[in-house]
Amino acid sequence: MNKIERLLRQLSESFVPVAIMAVFMVMSMALLSAATENSSQFGRMHLVLVVINVLGLIVLVGLIGINLTKLLRQYRRNVTGSRLTARLVVIFVILSVAPVSLVYYFSLGFLQRGIDSWFDV
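Quick note, our numbering runs 16 ahead of the 1-based positions in the sequence shown.
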């Protein structure tokens with residue numbers, strides 16, 4: 017087992033990345049709550065909120081990438097259960113993309129109509 021595989025295993029089986037992501041989420045929600053109470057604070061906290069959310073997104077994408085890499089290696093080695101896991105991941109992605117894209121389409125149209133009506137003089 018090489019160093020990369022060992023590192024991937026330690027990160028994917030560790031609780032630390034999940035805890036880091038949870039801390040970023042809680043910090044973001046607390047700052048967003050404080051910023052919405054007073055609109056003048058939102059301008060000052062905007063950059064901090066963006067940085068915290070980007071860091072949380074990086075951790076999330078890293079965890080997903082590590083787990084997909086681990087699944088791909090198991091799939092290539094024909095590990096027991098890896099094909100079923102891969103099928104379940106594909107089905108989950110397909111089932112989650114359909115409603116998300118539908119909600120995105122309708123919310124985008126709603127926002128465009130709302131903004132057009134705001135500036136309709």
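Idealized CB from N, CA, C, for every residue including glycine.
With respect to the alpha helix (DSSP H) encompassing F3, which residues constitute its N-terminal and C-terminal limits? The chain is shown from 17 up to 137; residue 3 falls before or after that span and cannot be answered.
For G59, is the classification buried or exposed, using 16 other Cβ atoms within 10 angstroms of its Cβ as the cut-off for buried? exposed
Who are the near neighbours of V75 in its chain, counting only those whose CB is closer than 7 Å to its CB and skipping five residues on each side? P33, I36, M37, F40
Buried or exposed, going by whether 16 or more other CB atoms sit within 10 Å of the CB of I68? buried
Going by the CB atoms, is the gap between V64 and L88 shorter than 8 Å? no
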